[in-house]
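What follows is a short report on a single structure.
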Amino acid sequence: MIDWMNQRAHRAWWCCVVVCLIASACGKAEYGEKGVVVRGRIVQNGEPLPLDRPDVGLGVVELKLIPQGATDAIDFASARGDGKFEFIGEGQGVKPGTYRLAVLHYKSGPGTDELQGKLDETNTQITLTVPADQMGDAYDAGDVELSEHLQ
0 MIDWMNQRAH RAWWCCVVVC LIASACGKAE YGEKGVVVRG RIVQNGEPLP
50 LDRPDVGLGV VELKLIPQGA TDAIDFASAR GDGKFEFIGE GQGVKPGTYR
100 LAVLHYKSGP GTDELQGKLD ETNTQITLTV PADQMGDAYD AGDVELSEHL
150 Q
């Protein structure tokens, strides 16, 4: 004879397990440690860098954030058509500190850097200082004027 009570209890237990798993998956995901979201705008002579057709992927301004004294970037971003960019790290920003900012301008798509490598990871002299008092918040780096660094 089948023990209906045990089968019911078994089903109820599994239902509770499934409900708990679903509920735990619905919580807020935390990515990385809290940091500072860095925002700004890349400009040359006060204007955003020209892109042929960013709406269809022809043209991009690629940005790399490199800790001072390091060679590898810790975060990447692309400037929009209006020059605005945002570094978000692993979702909650980057650690405070001083960084070098590499800028690569592909006006018509990947291939030829219009800045001729003058502001790439090796050559850039652009620095951004991310303040510690902005932890858990956003920092506006303002306009980053490239013409000052291309002479």
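145 is the number that numbering that gives the first Met the number 0 gives to position 146 of the sequence shown; each next residue is one higher, with no gaps. Here a beta-carbon is modelled for each residue, glycine too, at the ideal position from N, C-alpha and C. Predicted model, so just to flag it, every value in this text is computed and none were measured.
Open item on the list: Taking the alpha carbon of ASN44 as the reference point, which residue from GLY82, GLY90 and ASP139 has its own alpha carbon closest?
Closed with: GLY82
Task: Status (buried if at least 16 other CB within 10 Å, exposed otherwise) for THR123 - done: buried
Task: Residue ranges of each beta strand (DSSP E) within the stretch 91-118, 3 or longer - done: 96-105
Task: Environment of VAL143 [buried if 16+ CB atoms lie within 10 Å] - done: buried
Open item on the list: As an exercise, report each continuous beta strand (DSSP E) stretch of at least 3 residues that is fully enclosed by the stretch 44-82, in chain order.
Closed with: 59-66 and 74-78
TODO: Assuming GLY90 contacts LEU50 (C-beta within less than 8 Å), just tell me the rounded distance between them.
DONE: So it is not a contact: roughly 27 Å between Cβ atoms.
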